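*Asks:* Sharing a structure with you now.
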Amino acid sequence: MSHGVLLRQGRVVTYIVCNLVKRVPVRAVDRVYEVVRAGILNSRYGPGERLGEAELAEFTEASRTPVREALRRLEVEGLVEVLPHRGARVSAWTPDDLEEIYDLRMLLEAFAVARAATRVTPKELDRMEELCDLMEQAATPGPGQDLDRVSELNGEFHAIARDAAASTRLVTMLNAVVQLPLVVRTFRQYSPADMTRSAAHHRDLVAALRGRDAAWAESVMRAHVLAAKSVLLRAARAAGAGEATGDE
0 MSHGVLLRQG RVVTYIVCNL VKRVPVRAVD RVYEVVRAGI LNSRYGPGER
50 LGEAELAEFT EASRTPVREA LRRLEVEGLV EVLPHRGARV SAWTPDDLEE
100 IYDLRMLLEA FAVARAATRV TPKELDRMEE LCDLMEQAAT PGPGQDLDRV
150 SELNGEFHAI ARDAAASTRL VTMLNAVVQL PLVVRTFRQY SPADMTRSAA
200 HHRDLVAALR GRDAAWAESV MRAHVLAAKS VLLRAARAAG AGEATGDE
């Protein structure tokens, strides 16, 4: 058993984290967590939407205790807000929140690819190049266009680059800020020119990594994330605080 102290609104709230194996069947907590998390990431549950414990328990065929534990885990990740006496809801972000998160992502992801330039393997680079091909195919305008598929492939592309940095701490920090773009799908806000630019950045990044050029890779990633930030903020401000959806 471990103890921690959480400061919230000037008050000290003491909480105790107990062994989940003793309190709640771990499988039940994990299952509820995965179902609710997936629902948030694929927009089944929208920003600000209430997440009722009773409804989630019925939907996931679990008791309310694992639902409560799963919501706490999602709160730690920033995907859910748990409000006193009001329950849980999906987190919503203002344009200022989005700007801060993308600025953090730019700094961290640029540093990650600079590290990756001297560590990435030929196999990883080949997969990144293959993902470029697949993303461009899925993004092609027409009846076969699949923006959800583009987002999924894009996530794998960036994950390979992050993992190639070979820094557990860095990957942990990045995973915290990359959650947001998975919720707000920027690709749906992209113009054809935005798509073309994004694809070119991906190709340039692979070329920089193949050339073991850390400065080039860092520069490409900074431009890539800043461009995505611009699209997301434009959409968020047009639609109202925190309601635009997308990822790059």
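Under numbering that gives the first Met the number 0, think of the first position of the sequence shown as 0, with each following residue one higher.
Cβ coordinates follow ideal geometry from the N, Cα and C atoms, glycine included.
All values reported here derive from a predicted model rather than from experimental measurement.
1. May I have the straight-line CA-CA distance separating D193 from E135, to the nearest angstrom?
2. With a CB to CB cut of under 8 Å and the five nearest residues on each side skipped, what residues in its chain are close to L50?
3. Measuring alpha carbon to alpha carbon, tell me which residue in G38, T195, D212 is nearest A111.
4. Looking at the strands, I want to know which residues DSSP matches up with L50.
5. Give the single residue among T167, F156, R233 whose Cα lies nearest to the Cα of H200.
6. Per DSSP, V81 is paired with what?
7. Assign P140 to one of three DSSP states: helix, strand, or coil.
8. What number of angstroms, rounded off, separates the C-alpha of R118 from the C-alpha of M172?
9. Using the rule of at least 16 other Cβ atoms within 10 Å of the residue's Cβ for burial, across every protein chain shown, is R26 buried or exposed?
10. Compute the Euclidean distance between the alpha carbons of P94 and E108, then round it to the nearest angstrom.
11. Using three-state DSSP, classify A248 as helix, strand or coil.
12. Please name the residue in L82, V66, L169, H84 whose C-alpha comes closest to that of M105.
13. Taking R221 as the reference, give the member of L204, A234, R233, A237 with the closest Cα.
14. For R126, which residues from the same chain have a beta carbon less than 7 Å from its beta carbon, with the 5 sequence-adjacent residues on both sides left out?
15. Please state the DSSP three-state secondary structure of R36.
16. Pop quiz: A115 and A164 are said to be a contact at Cβ under 8 Å. What is the actual Cβ separation, rounded to whole angstroms?
*Replies:* Taking the structure as given:
1. 12 Å
2. V35, Y44, L70, V79, G86, A87, R88, V89
3. D212
4. A87
5. F156
6. A87
7. coil
8. 19 Å
9. exposed
10. 21 Å
11. Here the chain covers residues 0 to 247 and nothing more, so residue 248 does not appear.
12. L169
13. L204
14. I159
15. helix
16. 5 Å
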